[in-house]
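As given, the protein sequences belong to chains A and B, one line each in that order.
FYI, in this note's numbering the residues of the first sequence are 58 to 308.
FYI, in this note's numbering the residues of the second sequence are 4 to 265.
Heads up, the beta-carbon is just placed ideally off N, CA and C, and yes, glycines get one too.
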Amino acid sequence: MGHKLEVIGVRQVFRPEDGRAPVVALERFDLAVDDGEFVCLLGPSGCGKSTLLNIVAGFVRPTEGRVSLDGLEVTGPGRDRGVVFQEHALFPWFRVGQNVEFGLKMAGVPRGERARIADRYLELVGLQPFRQAFPKELSGGMKQRVAIARALANDPKILLMDEPFGALDAQTRRLMQDELTKIWAATGKTVLFVTHAIEESLLLADRVVVMSPRPGRIDAVLDVPLPRPRSDVAGDFVALKAELQELLRHP
Amino acid sequence: MSHQWRTRIVRTTSVTLFVLLWQAASAWNVRRQYLNPILFPSPVDMVRAAYAEAVQGILWRDIVASLARIFQGFAIGALVAVPLGCATGYFRRLEDWVDPIVELFRPVPPLALLPLFIIWLGIGEVSKILLIAFAVFFPIFLNTTEGVRSMDPLHLRAALSLGANRWQIFTNVAAWSALPGIIVGLRLGFALGFFVLVAAELIAADSGLGYRIQESRNYFLVDRMFVGAAVIGVLGFGFNLVLRRLEDLLLRWRSTIVQMQV
Numbered sequence: 058m059g060h061k062l063e064v065i066g067v068r069q070v071f072r073p074e075d076g077r078a079p080v081v082a083l084e085r086f087d088l089a090v091d092d093g094e095f096v097c098l099l100g101p102s103g104c105g106k107s108t109l110l111n112i113v114a115g116f117v118r119p120t121e122g123r124v125s126l127d128g129l130e131v132t133g134p135g136r137d138r139g140v141v142f143q144e145h146a147l148f149p150w151f152r153v154g155q156n157v158e159f160g161l162k163m164a165g166v167p168r169g170e171r172a173r174i175a176d177r178y179l180e181l182v183g184l185q186p187f188r189q190a191f192p193k194e195l196s197g198g199m200k201q202r203v204a205i206a207r208a209l210a211n212d213p214k215i216l217l218m219d220e221p222f223g224a225l226d227a228q229t230r231r232l233m234q235d236e237l238t239k240i241w242a243a244t245g246k247t248v249l250f251v252t253h254a255i256e257e258s259l260l261l262a263d264r265v266v267v268m269s270p271r272p273g274r275i276d277a278v279l280d281v282p283l284p285r286p287r288s289d290v291a292g293d294f295v296a297l298k299a300e301l302q303e304l305l306r307h308p
Numbered sequence: 004m005s006h007q008w009r010t011r012i013v014r015t016t017s018v019t020l021f022v023l024l025w026q027a028a029s030a031w032n033v034r035r036q037y038l039n040p041i042l043f044p045s046p047v048d049m050v051r052a053a054y055a056e057a058v059q060g061i062l063w064r065d066i067v068a069s070l071a072r073i074f075q076g077f078a079i080g081a082l083v084a085v086p087l088g089c090a091t092g093y094f095r096r097l098e099d100w101v102d103p104i105v106e107l108f109r110p111v112p113p114l115a116l117l118p119l120f121i122i123w124l125g126i127g128e129v130s131k132i133l134l135i136a137f138a139v140f141f142p143i144f145l146n147t148t149e150g151v152r153s154m155d156p157l158h159l160r161a162a163l164s165l166g167a168n169r170w171q172i173f174t175n176v177a178a179w180s181a182l183p184g185i186i187v188g189l190r191l192g193f194a195l196g197f198f199v200l201v202a203a204e205l206i207a208a209d210s211g212l213g214y215r216i217q218e219s220r221n222y223f224l225v226d227r228m229f230v231g232a233a234v235i236g237v238l239g240f241g242f243n244l245v246l247r248r249l250e251d252l253l254l255r256w257r258s259t260i261v262q263m264q265v
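Here it is in structure tokens:
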């Protein structure tokens, strides 16, 4: 006990329906994340990092092993785990405010309170003036900020983020990383963040879990003791970056 | 001048020119007698004939009779097709039960069933209304199921992780995803319903626009036959316009053209 999230002995095998050989996506995967911790899963595409996130989210049942959050086993998707996807996944037919209120509405929270909570999180991501806009009217970065507000409005125990800034241009991406650091500091949420970008993991995480593919497994775990806000040109940062590059090159 | 206005002016001019050319050709034909002018009435002849029908009171009666049939038939067909299509698209199990039956009935042209409907239900309104309902069912049903199935799996995952249950996902995600398809189905259904309506009235009716065309033929009133066809055309055009407006209104959220910068 004591850990917020525990992943124990997870193994994931995908069996293609066309009879080709089964693919082992994850092998003997163990991970513990503490309350309030920001952990990045870092690795090349195909290393199973998104699969692990999907298992934690409850979208995929692991072949073996188990996941528990606050000691309760994960059996399916649920509102205790907020998910932010690579594509914003906002509901285009709902306005920004309705998107943020979605989880609260599903839970039967009364209208007035719903609006109050949504406003608070829209304020947090700086999009209160866009409450009445449709998602199509927002830029990519704004949409992703709404998606974060939507996940947070449910007050989940953990925030799961699957390369959320992967589809954004470099400058927006950099802004969003700072934004997320602020949001994380303000809310104190536990975050599990998947990325293939070394700098991103070092800018954001308390701990970087380096993964390697075929089969997906943990290669190394690197603590990032840098103070926030972080700069990607500081000496310590560059040293850690070199270390991670080395780890990814020679697993 | 805006692009939109230019388009409007060109389109209006096109129709106006068409009517004027037609009128000129008719006038010329009346003088030269290349063809029997009675067989090829001019637009002015048609307006005259329509006026006569209006004064007689039969024009409105026909329009009302036809519209009553199409609206009732369309409403019944849509009220069956949309819920059934939603359920079939949403529940995989139901799909395998319903799909083959629909596919079996779909290739049968609705008009092939008209004699049967008349034997079962008589020559009155019910047989025609139900035939229209039968015809409009298929495009609406198929586009509805297709629409529900087009739900983005990412939206499904998002809704699940936000705590939505199956019914909530249906009303908040699946139904909205299906809306564009449903509207396409309604438009196609309405067009097909019109088609079946007029054909049924030509064959078996004692009122309505299709009936009037058939009756005018019997009295060799060619100008009235033209009026019947023209009124059908104008009504179909009008309703398509209304449905398109409705589409724009309901799918405001959809277009991807507008983009703002941060």
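Helix or strand or just coil, what does DSSP make of residue i?
| i | result |
| --- | --- |
| Val245 of chain B | helix |
| Arg38 of chain B | Just to set this straight, residue 38 of chain B is Leu in the shown sequence, not Arg. Leu38 of chain B: coil per DSSP, three-state reduction. |
| Val199 of chain B | helix |
| Ser125 of chain A | strand |
| Gly154 of chain A | helix |
| Gln143 of chain A | coil |
| Leu224 of chain B | coil |
| Gly92 of chain B | helix |
| Gly76 of chain A | coil |
| Leu184 of chain A | coil |
| Gly198 of chain A | helix |
| Gly125 of chain B | coil |
| Asp251 of chain B | helix |
| Ala55 of chain B | helix |
| Gln234 of chain A | helix |
| Thr174 of chain B | helix |
| Gln189 of chain A | coil |
| Val166 of chain A | coil |
| Asp289 of chain A | coil |
| Gly76 of chain B | helix |
| Leu110 of chain B | The question names Leu, but residue 110 of chain B in the sequence shown is Pro. DSSP places Pro110 of chain B in coil when its eight states are reduced to three. |
| Ser5 of chain B | coil |
| Leu225 of chain A | coil |
| Ser219 of chain B | helix |
| Leu165 of chain B | coil |
| Val230 of chain B | helix |
| Asp176 of chain A | helix |
| Ala254 of chain A | coil |
| Gly184 of chain B | helix |
Suppose the cutoff is 6 Å on Cβ atoms and the five residues either side in sequence are ignored; what does the same chain contact list for residue i look like?
| i | result |
| --- | --- |
| Leu301 of chain A | Ile255 |
| His158 of chain B | Val176 |
| Gly88 of chain B | Phe144, Thr147 and Thr148 |
| Ser45 of chain B | Gln26 and Ser29 |
For residue i, which residues does DSSP report across the bridge?
| i | result |
| --- | --- |
| Ala89 of chain A | A:Glu63 |
| Val265 of chain A | A:Cys97 and A:Leu279 |
| Arg190 of chain B | Its beta-bridge partners do not exist; DSSP assigns none. |
| Gly60 of chain B | Paired residue(s): none; Gly60 of chain B is not in a bridge. |
| Leu249 of chain A | A:Val96 and A:Leu217 |
| Arg34 of chain A | No answer is possible for residue 34 of chain A: it lies beyond the span of chain A, which begins at 58 and ends at 308. |
| Leu83 of chain A | A:Gln69 and A:Gly273 |
| Glu149 of chain B | Note: Glu149 of chain B sits in no beta bridge, so no partner. |
| Glu130 of chain A | A:Ser125 |
Between residue i and the rest of its own chain, which residues show a CB-CB distance below 8 Å, the 5 nearest in sequence each way excluded?
| i | result |
| --- | --- |
| Val261 of chain B | Caution applies to Val261 of chain B, whose pLDDT of 41 falls short of 50 and renders its modelled position unreliable; the value that the coordinates give is listed next. Here the set comprises nothing. |
| Gly133 of chain A | Gly115 |
| Leu205 of chain B | Gly213, Tyr214, Ile216 and Gln217 |
Decide if residue i is buried, meaning its Cβ has at least 16 other Cβ atoms within 10 Å, or exposed.
| i | result |
| --- | --- |
| Leu134 of chain B | buried |
| Ile12 of chain B | exposed |
| Leu42 of chain B | exposed |
| Ile122 of chain B | exposed |
| Ile275 of chain A | buried |
| Gln155 of chain A | buried |
| Glu158 of chain A | buried |
| Thr147 of chain B | buried |
| Asn221 of chain B | exposed |
| His6 of chain B | exposed |
| Ile132 of chain B | buried |
| Gly310 of chain A | Because chain A is modelled from 58 through 308, residue 310 of chain A falls outside the range shown and cannot be assessed. |
| Ala210 of chain A | buried |
| Val18 of chain B | exposed |
| Ala242 of chain A | exposed |
Is residue i near the ligand NAP - that is, is its Cβ less than 7 Å away from at least one heavy atom of it?
| i | result |
| --- | --- |
| Thr252 of chain A | In the structure on display, the ligand NAP does not appear, and there are no ligands present to speak of. |
Note down, in chain order, each residue of its chain lying with its Cβ closer than 7 Å to the Cβ of residue i, except the 5 sequence neighbours on either side.
| i | result |
| --- | --- |
| Trp31 of chain B | none |
| Phe173 of chain B | Tyr93 |
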